[in-house]
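Engineer: Just so we're aligned, residue 26 is where the sequence shown starts under UniProt numbering, counting upward by one.
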Amino acid sequence: ARARAVIRDWDLTRAYINGEWREADSREKLDVIDPAKGDVIGGVPFMRTSEARRAIDAASEAFPAWSTRLAKDRAAILRRWRDLLETHQEELASLITLEQGKPYDQAMREVVGAIAYAEWYSEEAKRAYGQTMPATQRDRRVVVQKHAVGVVAAITPWNFPLTMVVRKCAPALAAGCTVVVKPAEDTPLSALAAAKLAHQAGFPPGVFNVVTGLPQPIGEALTGDERVRMLSFTGSTEVGKRLMAQCAPTMKKLSLELGGNAPFIVMDDADIDVAVAGAMISKFRNSGQTCVCANRIFVQDGVYDAFVEKFIAASNTQTIGNGFIPGMELGPLINRQAVAKVERLVQNAQKAGATLHYGAELPADGHFTRPLVMTDVPLDADCFDEELFAPVAPIYRFETEDEAITLANRVRTGLSSYVYSRDVGRIQRIADRLEAGVVGINDGTTSHEGAPFGGVKESGQGREGGHWGLEEYLEPKYLNYAIG
Ligand code: ADP
26 ARARAVIRDW DLTRAYINGE WREADSREKL DVIDPAKGDV IGGVPFMRTS EARRAIDAAS
86 EAFPAWSTRL AKDRAAILRR WRDLLETHQE ELASLITLEQ GKPYDQAMRE VVGAIAYAEW
146 YSEEAKRAYG QTMPATQRDR RVVVQKHAVG VVAAITPWNF PLTMVVRKCA PALAAGCTVV
206 VKPAEDTPLS ALAAAKLAHQ AGFPPGVFNV VTGLPQPIGE ALTGDERVRM LSFTGSTEVG
266 KRLMAQCAPT MKKLSLELGG NAPFIVMDDA DIDVAVAGAM ISKFRNSGQT CVCANRIFVQ
326 DGVYDAFVEK FIAASNTQTI GNGFIPGMEL GPLINRQAVA KVERLVQNAQ KAGATLHYGA
386 ELPADGHFTR PLVMTDVPLD ADCFDEELFA PVAPIYRFET EDEAITLANR VRTGLSSYVY
446 SRDVGRIQRI ADRLEAGVVG INDGTTSHEG APFGGVKESG QGREGGHWGL EEYLEPKYLN
506 YAIG
């Protein structure tokens with residue numbers, strides 16, 4: 026009820042362009058669905074190319090003044106945004122649970138994450154340091170300044186509908202960029218709520234814009250426009266590649282956080298209880314719908330049986346249902362297509378010879394899928410290469426350290442990875458060789474707003490978090506002085 030009240034009281038029915046709340050030109054709306062019940066909970070403007078262009082007009086007009094404002098002024102506005110996110114954390118968490126489905130306590134953790142990013146970049150805004158260096162001639166001086174890249178298009182996914190918006194916009198705005206956000210069509214309300222608070226925080230008109238609607242026409246308008254100088258995208262590798270190609274003709278800077286396919290390696294000498302607890306969090310958080318979720322659990326022969334027994338027991342205790350019911354650990358999947366996809370991957374694994382161990386029974390309505398552990402999964406099952414994005418845990422057996430690393434790296438992506446062992450040398454050897462941007466060591470959660478998050482190979486390029494995240498939105502400019 027609180028979440029519905031937020032939608033009504035905050036009037037989350039219009040998009041945000043140039044500091045104003047706007048309908049689509051066509052007046053059409055796009056429904057927003059509660060994934061736990063399947064009902065319509067709201068509607069946002071069904072915008073297309075012309076509205077996206079208007080947002081780019083606003084962002085490019087706002088850019089000269091915003092990028093030359095004192096960094097400490099930008100920092101102060103960001104700090105107010107951070108404080109407003111905190112003041113409204115319960116309303117924001119309710120909204121996330123309602124439109125995205127994750128259990129309320131996980132939604133609260135998401136809001137805390139968003140606050141942390143806003144806070145970090147309100148501080149980092151003042152630290153866009155340049156450099157000087159010794160010249161190679163006596164009468165020369167060399168100065169390197171940092172400048173905001175320009176108008177940024179930010180396309181965000183539905184799995185962290187608030188944090189992904191803040192994690193992109195806070196550093197972009199800190200750097201002096203202006204932004205046009207296109208949130209995922211499944212979860213536009215959290216982005217509009219973030220815009221409400223940004224408006225209150227005092228970002229000038231045009232600095233922060235949110236355009237809602239179907240992805241393709243808006244995506245084409247954003248990527249095709251030469252005034253947009255950078256695309257920051259989080260989503261699937263498939264869409265990321267397509268957007269990268271669309272950005273090529275205008276040579277935009279890119280920050281791409283794409284799919285992962287995280288290996289979770291448990292060595293013979295690991296603390297099995299710690300490994301089981303880490304695998305539970307890594308696999309089942311957000312019902313398995315994160316790009317860092319363990320997608321392939323590799324367990325060494327000597328502890329395979331012990332690990333499997335404890336992991337199945339732990340996964341069988343999980344509760345599943347509407348995220349507003351206290352104590353629920355697993356919410357629904359985002360939509361019907363997500364359920365259909367995991368069903369296909371599970372059937373494929375079963376045909377290939379995997380054994381299935383189902384957990385809790387399903388609630389009656391909504392887009393749920395049962396938690397499932399799959400053991401002795403053959404390496405040629407489709408789920409080895411595809412992200413499940415669901416509470417389904419495939420376990421593979423291996424024998425040697427070398428084999429684990431080879432298997433872990435045998436995919437085209439490289440975002441997160443996990444290794445469990447109590448031998449520091451072994452951990453370092455494995456971490457050195459894993460093709461991944463992040464390695465969780467005896468830890469199933471790796472998020473930190475000050476650390477560089479991002480992937481290698483087809484998991485994308487660029488990093489979010491820390492000073493690395495700010496650098497993405499800055500270009501160095503080299504000034505060469507002849508001082509006469
Ligand atoms: P997921 O598999 O997580 O749903 P997607 O890559 O489909 O990932 O979605 C991530 C974001 O990309 C969403 O905001 C979605 O609307 C957007 N998106 C999907 N297809 C396109 C497209 N053709 N052009 C622009 N944006 C797109």
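All residues carry an ideal CB built from backbone N, CA and C; glycine is no exception.
From a predicted model like this one, the values you see are computed outputs, not experimental measurements.
Give me the DSSP bridge partner(s) of W46.
Structural biologist: Y41, per the DSSP bridge assignment.
Engineer: Is the separation between the beta-carbon of R488 and that of G479 shorter than 7 Å?
Structural biologist: Yes, the Cβ-Cβ distance between R488 and G479 is below 7 Å.
Engineer: So, at 7 Å on beta carbons, what are the nonlocal neighbours of A377 in its own chain, with the 5 sequence-adjacent residues on each side left out?
Structural biologist: Contacts found: P403, D405 and A406.
Engineer: When burial is assigned at 16 or more other CB atoms within 10 Å of the CB, is L504 buried or exposed?
Structural biologist: L504 comes out exposed.
Engineer: By DSSP, does F336 sit in helix, in strand, or in coil?
Structural biologist: If DSSP states are grouped into helix, strand and coil, F336 belongs with the helices.
Engineer: Span of the alpha helix (DSSP H) holding R29?
Structural biologist: R27 to D34 is the span of the alpha helix (DSSP H), which, as asked, contains R29.
Engineer: Would you identify the three-state DSSP class for R165, choosing helix, strand or coil?
Structural biologist: Looking at R165 - three-state DSSP - the assignment turns out to be strand.
Engineer: To which residues of the same chain is G465 closer than 6 Å at the C-beta, ignoring the five residues directly before and after it?
Structural biologist: Answer for G465: Y443 and T471, listed in chain order.
Engineer: Identify which residue in T438, D401 and F233 has its Cα closest to the Cα of E411.
Structural biologist: When only C-alpha atoms are compared, the closest one is T438.
Engineer: What residue from W46, V364 and G175 has the CA that sits closest to Y498's CA?
Structural biologist: Taking only the C-alpha atoms, the option nearest Y498 is G175.
Engineer: Is any non-hydrogen atom of ligand 1 found closer than 6 Å to the C-beta of V174, if you look at the structure I gave you?
Structural biologist: No; taking the cut-off as 6 Å, the Cβ of V174 has no heavy atom of ligand 1 nearer than that.
Engineer: Taking the C-alpha atoms as reference points, what is the distance between G491 and A331?
Structural biologist: Computed Cα separation, rounded: 39 Å.
Engineer: Identify whether M269 lies in helix, strand or coil by the three-state DSSP scheme.
Structural biologist: M269: helix per DSSP, three-state reduction.
Engineer: So P388 is in the beta strand (DSSP E); what residue range does that whole segment cover?
Structural biologist: Taken as a continuous stretch (DSSP letters only), P388 belongs to no beta strand (DSSP E), as it is neither H nor E.
Engineer: Do T188 and F349 have their beta-carbon atoms positioned less than 7 Å apart in this structure?
Structural biologist: Against a cut-off of 7 Å, the Cβ pair of T188 and F349 comes out as no contact.
Engineer: Could you check where the beta strand (DSSP E) with T157 kicks off and where it finishes?
Structural biologist: Where T157 is concerned, the enclosing beta strand (DSSP E) stretches over Q156 to M158.
Engineer: Counting along the chain, where does the alpha helix (DSSP H) carrying D457 start and finish?
Structural biologist: That run of the alpha helix (DSSP H) goes V449 to R458.
Engineer: Using only CA atoms, which one of N43, P70 and A61 lies nearest to L387?
Structural biologist: Of N43, P70 and A61, the residue nearest in Cα terms is A61.
Engineer: Any heavy atom of ligand 1 inside 6 Å of the beta-carbon of residue 560?
Structural biologist: Given a span of 26 to 509 for the chain in the structure shown, any question on residue 560 remains unanswerable.
Engineer: Once DSSP output is grouped into helix, strand and coil, what is the label at T344?
Structural biologist: Reduced to three states, the DSSP call for T344 is coil.
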